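Basically our numbering = 1-based index in the sequence shown + 704.
Think of the CB as a built atom: it goes at the ideal place given N, C-alpha and C, for glycine as much as any other residue.
As the structure is a computational prediction, the values presented were derived from the model and not from experiment.
What follows is a short report on a single structure.
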Amino acid sequence: MEVKKTRNTEKQNLVKDILSKTEHTMSAEDIMAAMPIKVNKTTIYRILDRFAAKGEVHFVTGKNGKAYYALCNGCGVSHDIHNHIHFECQECQEVTCLPNKLSIPNLEGFTINETQFLIIGVCNKCKA
């Protein structure tokens, strides 16, 4: 995938700032609600797609089919193969990147284009 060069815009900087200040992943709707200026959802998705193409964010699909985004931590452009776990709480619906690493098997005869690891349960905040 070719990565287009873009200039930093105020909206892009705001999206990065919002994602950098959260401990869990965020949906495009969550990011849009946190924006201090009016931005439509299509613009948010374009920014997130651009960041994903550059290896700056990754996403996981939640139980509800919605994409949840987080800033990448040293993923690089070929960041489709994420080997960490995401946890979705059934109570508060937060999706969190966990530090646990998984080994991605080399499957003979198959090409892996993307991985997503999602565990669903109840987080410690909601258990209390």
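Please classify A737 as buried or exposed, where buried requires at least 16 other C-beta atoms within 10 Å of its C-beta. Position 33 of the sequence shown, counted from the first residue, corresponds to residue 737. Burial call: exposed.
Just to confirm, are K745 and A756 a CB contact at a threshold of 9 Å? Walking along the sequence shown from the start, residue 745 turns up at place 41. Walking along the sequence shown from the start, residue 756 turns up at place 52. In this structure, A756 does not lie closer than 9 Å to K745 by Cβ.
Round the Cβ separation of I824 and Q794 to the nearest angstrom and send it over; I've been treating them as touching at under 8 Å. Position 120 of the sequence shown holds residue 824. Position 90 of the sequence shown holds residue 794. The C-beta distance from I824 to Q794 rounds to 6 Å, short enough to fall under 8 Å.
Exposed or buried, T729, counting other C-beta atoms within 10 Å across all chains shown (16 or more means buried)? By 1-based counting over the sequence shown, the position of residue 729 is 25. T729 is buried by the Cβ-count criterion.
Buried versus exposed call for L723 [16 or more other C-beta atoms within 10 Å across all chains shown]: Within the sequence shown, numbered from 1, the residue matching residue 723 stands at position 19. Only buried fits L723, as 16 or more other CB atoms lie within 10 angstroms of its CB.
Taking K720 as part of the alpha helix (DSSP H), name the residues at either end of that continuous run. As a first step, residue 720 is located in the sequence shown; it is residue number 16 there, counting from the start. Element bounds for K720: 714–724.
Which of the three DSSP states is assigned to L811 in this structure? In the sequence shown, the residue the question calls residue 811 occupies position 107. Coil.
Which residues share a DSSP beta bridge with M730? As a first step, residue 730 must be located in the sequence shown, where it is residue number 26. Partner residues in the beta bridge of M730, as assigned by DSSP, are Y773.
At what residues does the alpha helix (DSSP H) containing F763 begin and finish? Position 59 of the sequence shown, counting from 1, holds the residue named residue 763. It is not in any alpha helix (DSSP H) - F763 instead sits in the beta strand (DSSP E) that spans 761–765.
Where does the unbroken beta strand (DSSP E) through F791 begin, and where does it stop? By one-based count along the sequence shown, residue 791 stands at place 87. Membership of F791 in the beta strand (DSSP E) is indicated by the continuous run 788–793.
Let's see if you can read the secondary structure: which residues bound the beta strand (DSSP E) around C801? Start at 1 with the first residue of the sequence shown, and residue 801 comes out as number 97. C801 -> beta strand (DSSP E) spans 799–805.
What are the residues that DSSP puts in a beta bridge with I823? To locate residue 823, count along the sequence shown from 1; it is residue 119. Partner residues in the beta bridge of I823, as assigned by DSSP, are F791.
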